[in-house]
Structure formats: structure tokens, C-alpha cells
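Each residue of the sequence shown is one higher than the one before, starting from 580 at the first, in the numbering used here.
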Amino acid sequence: MRALFRFLLLLVVAIGLTAAIPAIPDFLPADDADRAAWRNDLTKLENHLAVAYANFQWTAAARQLDLPALHATADSALAAASNRHAARRAFRTLVGAFDDGHLRVSPPDHPIVRLATRAWRGSGAPIEGDASAASACRRMGFDREENGFGLAFDEMAGYTPIASAPFRAGIVQGPGGERVGVLRIAAFGEDRYAAACETVWNARAAVEATPCDGGCQDAIWEGVSRSLVASLAATLERIEAAGARSLIVDVTGNGGGSGLADALARELTPVALQGGPVGIIRHPHPLTSLRQQDSVLSAELGRSDLAVAQRSMLESARARISATIREVETPCDLSGMWKGEPVSCRQLVVDGSYSTGVLPYARTEDLAGLRDPASLFHPASYGYREGVYTGRVIVVMDHGSASATEQFAALLRDNNAATIMGERSYGAGCGYTNGGVRLELASVQMTLHAPDCARLRASGENERAGIEPDVPLAWKEAGARERAALVLEAAASPQASNQ
């Protein structure tokens, strides 16, 4: 027994030493050449933020950042840094001053973390056709999301369940005795719904036993997206059939996800939801997508069988894209802001692109017959049904509601299709298109990830400001059940009814 104990102790020590070895260079003493390289990378980072970070100009103004002071503090810290660990801290501090959930600078993953991730997720190679659904979906990056209510509607007396997964829903009784639907959307990322992936995988496995390569895995992801959209539609039909003329949508703590948020929003209302404008950086990165969209439009317009209305719609869209490309190709140098110099240009191009793509809105019949409708109107890829629910919609957010959840709320609110209750959202806004624009900082072995788009409200406000509720709720000290009761009470108030 004592020998086994010594062996286990030595094993733990060995693992600990192995884990610590990659961090040793971070604490080795630095020389003047190291510090000069760090300061050179600081300049690269600042110049990169000035051209490739979509919220640079907005954040500096809205947060009243003293950019010259930030630079001076970081530069002084790097000039005095005794090792790479201290230098990395200076970079994190500068980036952290922007308080943007999508903006980060990070070192490479620890080797043990990479090995563990590879062991858990797999190598990215084709997945064996006879793999279990749980294994296949894990290797594709799916996790299980806890979909319980953030507000404890299901603990209230008289709660009647409608659905348990993937979106929990039910009926509760309002203060006046009316039936109120409650719906929980815990995440807008398909990767949080492993059970849906397993269902799609099993359906494929029943008819196809070949290895699942990249194209196959893309099809699985699309199948998951469509199954989630179909599941919500079925749940909404049951809520409406139960006589609920008001629906409370709980997105508290929902940190975002993908364009799934847009598709689900369209099933909640018969209102034709117009996508909001998206600011695009004046940088080569977005040009690839813009030119691809122009190519799709050109090919469609080259057809002789287009309906007159479709041709007019596409010609207008192509004119906007062409103008946007010209604007994106026109540089705007904001690097002088780090020295306190005034600037006379606008970093973002905000005319011509929308959160929905080239088109701000399109009906199914508008896109009928087009070869690639989803490239022009992104929600088309989800197979949603517009206006499945026809009653009043109330969206409940908190400070943990962010990113795609803010797109969801803004889309409904800015089209006067929902009332927003609760707290101001986090204020993450738009994230990355095609992976965003990264910058490698070789001297400190860090990577800067900067969001390259900015979603704007109907008012022109950047979603980074957060979504303010129409009906704020003072619930800071309240528990989940008390918060649910506050929402029900507020939903019946004249303030909510008049929104």
C-alpha cells in the first residue's frame, strides 16, 4: 500500500512538472531586445485595432477612452517588464480596457489542453459511419445545453408543461387569470444541442454507413439547425392552441450563438422582420464575401427567366453591394487616435449590408427559383415558417444575454414585434464573419481576436451599447421564482401593453 501511495505521489508530481514546463519560458529574465520586440508588437496591435476592429472608433467615443494614456501605460509596462509573463499582462490590460466580449488577446493553448481536446473532440478526420451518435456529435463539437428556465416559471402553481426539449415551454396563469405561454431559449448556438445532433446522426446512420467527411458534417449541422427550427414551430403551435395570447420568451443568461437566432425570431411573429444594418470594416477581409455576393447576383441577373419583381430586387441589391465594395476599398486610417490626433473618416461602411445578408427582408416566394437564396438572405437556409405564433411577445433578458441574443431581441423590438423586459443586455453585439481578422504577436506568442462587424439598431445605435429593456425590472436580489412572478405581473401592466 505504501509503495502504491509513493507511486501515485510521484505520478502526480511528474504530471505537475510536465504541465509547468511550457510556462517556464514566460518567467525567464528578459533583455533589451525582448522589450524592444514587445513594444514593436504593441504598435502592431494598436495599428491593427485601428483598421480591423469594428468597434474601435465607437468604443473609444462611447466609453471615453483615453487612447494616448492607454498606449503610454502599456508602453511603460513593456519597457519595464522583467519577463514575458509581465509583457502578456500589459497586452491583456490594454485590450481589456475596451470591455468587449468579442475582443481578446490570448496565448496558445497549453499542450495538455490541446491533447485533452484532441482526445475528446477527435482529430477532425472523417467520422466512422458506425460511430455512436454520442461519439460522432462530440467529435463535431456538440455539447449538451441545460435548457431549464432561467426564470422559474415551471415552479409556479398551475404550470402546465408543453415541451421539455429542445426548448422548454409551458402555460402559466397570469394575474388576471389569463393563460400565458412561457418559452425558454437557453442558447442560440446549434453546438449546444447534442441531443438534436444525435437524432440527425442516427437518421443518417439508418441509410448511410460510409465515413462522414467535412461535407457530410456540414450537412449534419444544417440538419440540426433545421430540426431546431421545426421543433420551435411545433412548440409554438401547441402554445397557441392552448389559448395563450401572450408569450414570454426567457433568454436570460443566453450568451448567443449563430444565425439561428434570426430564424427563430421569425417564427415568433407574423410581422415582416427587417434585418438591421451591419457596419463593415474598411479592410480586405470582408471583400471576399462581398465579391462572392456580387458574383451570385451577377449570375442570377444573367438568367432570362427571372420574374420582373425578382430582377428589380436583385438589381437594387447588386447596386448596393457594388457601392459597398467601393467604400470598403477606400481606406480609413484611425491609428492617429492613439496619439490623440483628430480623424475625419468613418471606420465602418454602414450602407448596403444587413444582419440578414444582401437583402433586409425576403419572403419565400421572393426567393423561389433562385440558385443560392441563402447567400442573399441568410435566414433562408433554416427552413423557418414565418409567424407560427400570432400573439403578443415579451422577451426577458438580463445582463448575461449577449451577442446573437442581442440580435434576436433587437430584431423583434426594432420591428415593433416584441416588448423587452428585465435588464440591459451584456453589450457584445456582432462578432466575427469568416473567422474575423486575427493578428499574431510573435514576440509574446499571443493572438489577437478582433470582431470585424458591428450590428446597428434601427436608431443607428451600435448593439455594443446593450439592449435597454422597455420595462426594466428591479430584481437584483430576487430569486428565480420571484423574478418569474415579477415578469408575469409586469406583463399584465399597462406599460407592457402599450409597447
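Each residue gets a CB set at the ideal place from its N, CA and C atoms; glycine is no exception.
Predicted model only: the values in this text are computed from it and were never measured.
Q: Go ahead and label I594 buried or exposed: buried means 16 or more other beta carbons lie within 10 angstroms of its beta carbon, across all protein chains shown.
A: Residue confidence is low: I594 scores 44 on pLDDT, short of 50, so the model does not pin down where it sits. Its coordinate-derived value is still stated next. Counting Cβ neighbours within 10 Å, I594 comes out exposed, since fewer than 16 surround it.
Q. Could you give the residue range of the alpha helix (DSSP H) that holds Q986?
A. A983 to D993
Q: Measure the C-alpha to C-alpha separation of E1019 and D912 and round it to an integer number of angstroms.
A: 20 Å
**Q.** Straight-line Cα distance separating F728 from P740
**A.** 12 Å
Q) By a C-beta neighbour count over all protein chains shown, 10 Å radius and 16 as the cutoff for buried, is P1048 buried or exposed? A) buried
Q | Proximal residues to G979 (C-beta, below 6 Å), its chain only, five neighbours per side dropped | A | G832
Q: Could you give the DSSP three-state label for A820: helix, strand or coil?
A: helix
Q | N-terminal and C-terminal residue of the beta strand (DSSP E) that V828 is part of | A | S825 to D829
Q) Considering only C-alpha positions, which residue in the set R683, R925 and D605 is nearest to M916? A) R925
Q) DSSP state of A773, grouped into three classes? A) helix
Q: Quick one: using the 10 Å Cβ neighbour count with 16 as the cut-off for buried, is Q636 buried or exposed?
A: buried
Q. What span of residues does the beta strand (DSSP E) with A742 cover, start to end?
A. T739 to A742
Q | N- and C-terminal bounds of the alpha helix (DSSP H) containing M892 | A | V887 to V907
**Q.** Endpoints, alpha helix (DSSP H) assigned at H1028
**A.** From DSSP, H1028 is part of no alpha helix (DSSP H) but of the beta strand (DSSP E) over M1025 to A1029.
Q: Check whether the Cβ atoms of P745 and A712 sit closer than 8 Å, and answer yes or no.
A: no
Q: Using 10 angstroms around the beta-carbon of S806, count the other beta-carbons present and answer buried if the total reaches 16, otherwise exposed.
A: buried
Q. Grouping DSSP H, G and I as helix and E and B as strand, with all else coil, what is R882?
A. coil
**Q.** DSSP bridge partner residues for Q752 (one or two, in chain order)
**A.** R758
Q. If you pair each beta-carbon of the segment 1037 to 1053 with each one of the segment 1003 to 1016, do three or more pairs fall below 8 Å?
A. yes
Q. According to the neighbour-count rule (16 or more other Cβ atoms, all chains shown, within 10 Å of its Cβ), is R882 buried or exposed?
A. exposed
Q. In terms of residue numbering, what span does the alpha helix (DSSP H) encompassing T998 cover?
A. Careful: T998 lies outside any alpha helix (DSSP H), inside the beta strand (DSSP E) at T998 to G1001.
Q. Just the Cα atoms here: how many angstroms apart are H650 and L673?
A. 8 Å
Q: Tell me R971's beta-bridge partners as DSSP assigns them.
A: S825
Q | Residue of V1016, A766 and W617 minimising C-alpha distance to Q986 | A | A766
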